[in-house]
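One structure below.
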Amino acid sequence: MNTISDTFSFHRWWLLVTKHWSENYRRYLLVLLAIGGLLLAWFSFILMVSQLTLIDTFMQFVAYFAGLYLVGCLYASWLFADLNSSQGGIGFLALPASHLEKLLCALFFGVLLFFIGYTLVFYLVDIPMLRLSNSILIKYPRNYQGTSVQIPPGPLYNVFHNQAFIPESRTFLAGFFSAQALFFLGSVYFTRWTFIKSVIVGLLCLLVFVIIDARLINFFLPSGWHDVFFLWIHNDADQHPSQYIRLPHTTEKILNIFIAVCAPLFLWIITWQRLKEKEV
Amino acid sequence: MIDIVNLHFSYGQRPVFSGLNLRLGPGRICGLLGRNGTGKSTLLRNIGGFLFPHKGQITTLGFQPGRRQPAFLQQVVLLPETFQLPPISMRQWLKNNAPFYPRFDIEAFHHYAKDFDVPSTPRLTELSYGQQKKAMISFALATNAPLLLMDEPTNGLDIAGKSQFRKIIAGAIDESRSILISTHQVKDLEQLIDQVLIIDEGKIIFDQPLASVADKLLFKLSFDPIEEEQSLYCETSFKGSALILPNTEQKESRPDLEMLYKAITTDPVTINARFK
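So the sequences go chain by chain: A and E.
So for the first sequence, our numbering puts the first residue at 1; every next one is plus one.
So for the second sequence, our numbering puts the first residue at 1; every next one is plus one.
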C-alpha cells in the first residue's frame with residue numbers, strides 16, 4: 001500500500017527540480033534566446049513591410065499566441081522525451097522519486113516556468129519594438145486606408161485581459177494550458193513521433209468540437225441564427241448580424257475556468273496514470 | 001530477496017516467459033546466463049519494475065516492483081546495457097543524483113572510480129562508452145543498494161576494465177546485498193559469481209550455487225576414451241578432451257562456466273539430474 005511519503009515528498013521533488021535545472025538550464029536559456037530572436041525578427045519584418053498600423057494590438061496578440069502555442073506544445077512534447085527510448089526511459093523511471101513528483105517537476109518547468117519565461121521574453125521584445133513602432137507613427141503620421149483618420153500609437157497588448165476587439169483573448173490563454181496538457185499526455189502515451197501524433201489527436205479533437213459547434217448546435221437553433229463558439233448571432237436579410245445572445249457573464253467565466261483549470265487538470269491526472277503504467 | 005512465481009511475459013504475440021519461477025537470497029553474486037534474445041534483460045526489467053508481468057507474481061525486497069515506489073527504487077538499482085549521461089561534470093552529476101539514495105557513499109564512489117581509472121573530464125559525455133560504464137558501475141555500487149541488477153555490465157569494457165570489474169564487484173559484496181548480473185559473455189564472470197542461473201526459451205533451466213556445481217561435477221582435460229564415454233559433456237580439441245564428469249569421488253576442480261553453459265543448453269535433463 002502506498003503511503004503519502006511514497007506519493008509525494010517535497011524534499012524529493014525539490015531534488016528533482018534542481019537536478020532537472022542543472023542538466024537542462026543551458027538548453028532552456030538557448031530556447032528563450034531563440035524565441036526572443038524570432039519575435040524580434042517577426043516584429044522587424046512587420047515594421048519593414050506594414051503600410052498601415054505597424055505593430056498594433058492584434059499583431060501583438062497573434063505573435064504572442066502563435067509562439068506560445070507552438071513552442072509551448074513542442075516543449076511539452078520534449079519534457080518526457082526520455083521515455084521514448086529504453087535507455088533514457090530506465091534512467092528516468094529508475095530515479096527514486098514517485099511518478100507524481102516526476103510529473104509535478106515536468107509541470108513546474110513545462111507549464112509554470114515556461115509560461116513565465118515566454119511571457120517575460122515576449123514583453124522584453126514587444127515593449128521596445130512597440131515603442132519603436134509608435135515613434136515611427138509619431139514621426140511619420142499616416143491615416144487609415146481611404147480615410148483622413150490618423151492612426152494613433154498602438155497600446156501594449158495585455159495577455160491577461162480581454163481586449164475590446166479580441167473578446168476571446170482570455171479563452172485563448174485558457175485553451176493554451178489544455179492544449180499543452182494534451183501534448184504532455186501524448187509524450188507519455190506515444191512512444192515515437194510524439195509531437196506529430198499529439199498534433200493529429202489535437203486536430204481530431206478540434207474537428208469534433210467544430211462539428212458539434214457548427215453542425216449539431218446550429219441544427220437546434222431557430223432559422224436565421226447561427227452559433228459562434230458560445231455566442232449566438234442572428235443575421236438580418238442582408239446577412240448582417242442584427243442580434244446576438246451571449247451566455248451570462250458567470251456562465252462564461254465558469255466555462256473559461258473549466259477550459260483553463262479542469263481540462264488540463266483532467267489531462268494531467270491521465271498523464272500521471274499513464275506514467276505509472278509506462279513500461280520501458 | 002527476489003521471489004518470482006509463475007511469471008508470464010510476452011512482447012505482443014511473442015512469448016518470452018511462460019511460467020518462470022526463481023528465488024534469489026541475499027549475499028550472492030548471481031550470473032544470469034543465456035543466449036541473445038532469451039529474455040535476460042526482460043527478466044531484469046521485470047524484477048526492477050520497468051516491465052510488468054502479464055501473469056504471475058514478482059516480489060523484490062518485499063515490494064511489488066511495478067509500483068516503482070521511491071523506497072523500492074532506492075534499494076534496487078538497475079544498470080542497463082546502454083544508458084544516457086547528461087552533458088555535465090561528474091561532480092555535478094553526483095550532486096544531482098546521490099541525494100536520492102540515502103545510503104550513498106561518496107568516498108566509496110571515488111574509490112571505485114579510481115580503481116577503474118575513470119578520468120576527470122569537464123563533461124561526462126566526453127568520456128568514452130567504456131569509461132561512462134565504469135562511472136555508472138561505480139555509482140551503482142556506491143548507492144549501497146541491497147540489490148544491484150546489471151545488464152551486460154562488461155560490454156564495452158576493455159580487457160583491463162573487465163579484470164577491474166571482477167575485482168571491484170568481488171570486493172563490494174557483503175551479506176546484506178546481492179548482485180544479479182546478466183551476460184552472454186560467460187568468461188567475464190568466471191571466478192566472480194557464486195550462483196549460476198541459465199535461462200533458455202523463457203525458463204530457468206539451471207539454478208545452482210557454484211559450490212554445488214564444483215561438488216557434483218568434475219571438470220577436466222583427458223585423453224582417456226573411457227572417461228570420454230562416461231562424460232556428461234565432452235569437447236574435443238588438440239589439447240585433449242575437455243570433459244564434464246559426475247564428481248563421484250569428490251575431487252576438486254574449477255567449474256568452467258562456458259562448458260557448463262554449453263552442457264546445460266545441450267542436455268539440461270542429464271546435467272540437472274546430477275543435482276537431485
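We treat Cβ as the ideally placed atom computed from N, Cα and C, and that holds for glycine.
Within this structure, are the beta carbons of E:LEU257 and E:LEU189 separated by less than 8 angstroms? Their beta carbons are under 8 angstroms apart, which means E:LEU257 touches E:LEU189 by this criterion.
Can you tell me the Cα-Cα spacing of A:ASN134 and A:GLN273, whole angstroms? 50 angstroms
Taking A:PHE115 as the reference, give the member of A:GLN145, A:ILE35, A:ILE166, A:PHE190 with the closest Cα. Answer by Cα proximity: A:ILE35.
Rounded straight-line distance, which links the Cα of E:LEU73 to that of E:SER120: Going from the Cα of E:SER120 to the Cα of E:LEU73 covers about 28 angstroms.
Report yes or no: do three or more beta-carbon pairs, one from the stretch 137 to 144 of chain E and one from the stretch 111 to 126 of chain E, lie closer than 8 angstroms? yes
For A:ARG246, three-class secondary structure by DSSP: strand
Among all the DSSP beta bridges, which residues are the ones paired with A:HIS161? Under DSSP, no beta-bridge partner is assigned to A:HIS161.
Which term fits A:ASP56, buried or exposed, when burial requires 16 or more other beta carbons within 10 angstroms of its beta carbon? buried
For E:LYS276, list the residues DSSP reports as bridge partners. Beta-bridge pairing links E:LYS276 to no other residue.
What are the start and end residues of the alpha helix (DSSP H) that includes A:LEU16? 10 to 49
With a threshold of 7 angstroms on Cβ separation, who are the neighbours of E:SER231 within its own chain once the five nearest residues in sequence on each side are excluded? LEU243, ILE244, LEU245.
When you compare the CB of E:ALA135 with every CB in chain A, is at least one pair closer than 8 angstroms? no
Taking a contact to mean a Cβ-Cβ separation below 8 angstroms, would you say A:TRP268 touches A:LEU29 in this structure? At a Cβ-Cβ threshold of 8 angstroms, A:TRP268 and A:LEU29 do not count as neighbours.
Alpha carbons only, please: which of E:THR266, E:GLN195, E:SER176 is nearest the one belonging to E:VAL213? It is E:GLN195.
Let me check understanding here. Comparing Cα to Cα, which of E:LEU85, E:ILE204, E:LEU79 lies closest to E:ARG23? E:ILE204
Pull the bridge partners of E:THR183 from the DSSP assignment, please. E:LEU33.
Taking DSSP's pairing of strands, which residues face E:PRO87 in a bridge? Per DSSP, none; premise fails for E:PRO87.
Restricting to runs no shorter than 4 residues, where is the alpha helix (DSSP H) found entirely within the stretch 134 to 188 of chain E? 159 to 172
If you follow the beta strand (DSSP E) that A:ALA63 is part of, which residue opens it and which one closes it? Where A:ALA63 is concerned, there is no enclosing beta strand (DSSP E), although the alpha helix (DSSP H) it sits in stretches over 57 to 79.
Under 8 angstroms by Cβ, that's how I've got A:LYS276 and A:HIS99 pegged, so tell me the actual separation to the nearest angstrom. 5 angstroms
Going by DSSP, which residues form a beta bridge with E:CYS234? E:LEU243
At what residues does the beta strand (DSSP E) containing E:ASP207 begin and finish? Residues 203 to 209.
Do we get a CB-CB distance below 8 angstroms when we pair E:LEU78 with the residues of chain A? yes
Compare the C-beta of A:LYS19 with all C-beta atoms of chain E and state if any pair is closer than 8 angstroms. The beta carbon of A:LYS19 falls within 8 angstroms of a beta carbon belonging to chain E, placing the residue at that interface.
Let me know if E:ALA172 comes out buried or exposed under the rule of 16 or more other beta-carbons within 10 Å of its beta-carbon. E:ALA172 is buried by the Cβ-count criterion.
Counting Cβ pairs closer than 8 angstroms, one from the stretch 81 to 94 of chain A and one from the stretch 35 to 50 of chain E, do we hit at least three? yes
Kindly indicate if chain E contains any beta-carbon less than 8 angstroms away from that of A:GLN87. yes
Could you confirm whether any beta carbon from chain E is found closer than 8 angstroms to the beta carbon of A:VAL280? yes
Quick one: which unbroken beta strand (DSSP E) runs of 3-plus residues sit fully inside the stretch 182 to 230 of chain A? Chain order, please. If we require 3 residues or more, the beta strand (DSSP E) runs fully inside the stretch 182 to 230 of chain A come out as 225 to 227.
Candidates A:TYR244, A:LEU231, A:ASN143, of which the one nearest A:ILE217 by Cα: A:LEU231
Please tell me whether E:ASN96 has its Cβ less than 8 angstroms away from any Cβ of chain D. Here the protein chains are A and E, and chain D is not one of them.
Residue from A:TRP225, A:LEU185, A:HIS249 with nearest C-alpha to A:SER362: No answer is possible for residue 362 of chain A: the residues shown for chain A start at 1 and end at 280.
Curious, which full-length alpha helix (DSSP H) runs of at least 4 residues does the stretch 89 to 147 of chain A contain? Fully enclosed alpha helix (DSSP H) runs of 4 or longer: 99 to 107, 114 to 139.
Which residues in chain A sit within 7 angstroms of E:ALA108, going by Cβ to Cβ distance? By Cβ distance, chain A contributes nothing, its closest Cβ being about 18 angstroms from E:ALA108, past 7 angstroms.
Contact set for A:PHE172: own chain, Cβ-Cβ below 6 angstroms, skip 5 residues either direction: PHE65
By the three-class DSSP mapping on this structure, what secondary structure does E:THR125 have? It is helical.
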